[in-house]
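Please read the structure below before turning to the comments.
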Amino acid sequence: MQYDYYKILEIPRTASLDDIKKAYRLKAKLVHPDVNNSPKATEVFAVVSEAYEVLCDEQKRYMHDIKLNHIDAEKINAERKRQYYGNSAKNDTFSNTANTNFNYDWNSFNQYVHKEKTDEDYYKQSPFLYNMFFASGMFIGFIIILVSLYGTLKNYWPFPFVLISICGFILIREGWRGMLGKKSLFGEVLKRLRK
4 MQYDYYKILE IPRTASLDDI KKAYRLKAKL VHPDVNNSPK ATEVFAVVSE
54 AYEVLCDEQK RYMHDIKLNH IDAEKINAER KRQYYGNSAK NDTFSNTANT
104 NFNYDWNSFN QYVHKEKTDE DYYKQSPFLY NMFFASGMFI GFIIILVSLY
154 GTLKNYWPFP FVLISICGFI LIREGWRGML GKKSLFGEVL KRLRK
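In terms of the numbering used here, the sequence shown opens at residue 4 and continues consecutively.
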C-alpha cells in the first residue's frame, strides 16, 4: 500500500527539513514501542520511521512526490468517472474511499502512552511500602533531634549544634504530611528517585 508520508507526519508537502524532523520527533514520542504499550506500536513506529527516512532524503522525497501526484491525478479521474457514470462506474481502488484514507487515528495511541504515576497510584500499588518510606523519614527525624539535644546537653559539642535538630523537625513534619496523603517534599523526592 502506498502511504502519504506527509499525512502520516501531519505536515504540508512544502515542509522544510526542520519541520519534518520536528514532526517526526513528536510522532516518535507518541508511538515508540518503549513508551507505547499498543500491540501495533512497532508496526506504526516503523511506518513513521520510514516516512522520516523518505522525506529527509531529497531523491526519495522527489520520487514520493511523483507517486503522490500520480495518485492525486488518478483520484481526480476516478471522481470524474463516478460523476459521469454514477454508481455503475467500475469500483477501482481510487474511487473506493477505504483505500485512499491515509489519515491515521493517532489519538487511539494516547491510551497506551506511558503516563507518570501519581502518589495515589503508588499508594494503591503498595500502601505498606509507601507508608514505611514516610515512617522511616520520621524515625530518622526523631533520632536527629534526640542525638543533637542529648549531645548539646551533655556538652559533647557546642551549643549551635542544636540547630541540626531543625532538620529532624522537618523530616518528621514531611513524613507526617506524606502519611496523611498531603503533598510533601518527600513525595517530590520519591518521584524524582523513581525517574
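Just so it is clear, CB atoms sit at the ideal spot from N, CA and C, and this is done for glycine as well.
List the endpoints of the continuous alpha helix (DSSP H) containing N134.
-> 130-156
In the DSSP assignment, find the alpha helix (DSSP H) that holds R180 and state where it starts and stops.
-> 168-183
Kindly give me the distance between the Cβ atoms of G171 and A138, rounded to whole angstroms, as I take these residues to be in contact under 8 angstroms.
-> Actually they are not in contact, since the Cβ atoms of G171 and A138 sit about 15 angstroms apart, beyond 8 angstroms.
Could you tell me if H67 is buried or exposed, where buried requires 16 or more neighbouring beta carbons within 10 angstroms of its beta carbon?
-> buried
Give me the Cα-Cα distance between H35 and I69, rounded to the nearest whole angstrom.
-> 29 angstroms
Would you check if the stretch 41-56 and the stretch 6-16 touch, i.e. whether three or more CB-CB distances between them fall below 8 angstroms?
-> yes
Could you give the distance in angstroms between the alpha-carbon of A54 and the alpha-carbon of E82?
-> 27 angstroms
Kindly indicate which three-state DSSP category N94 falls into: helix, strand or coil?
-> Confidence at N94 is low in this model, with a pLDDT of 49, below 50, so its placement is unreliable and no value can be given for it.
Assuming L174 contacts G140 under a Cβ cut-off of 8 angstroms, what Cβ separation, rounded to an integer in Å, is found between them?
-> 5 angstroms
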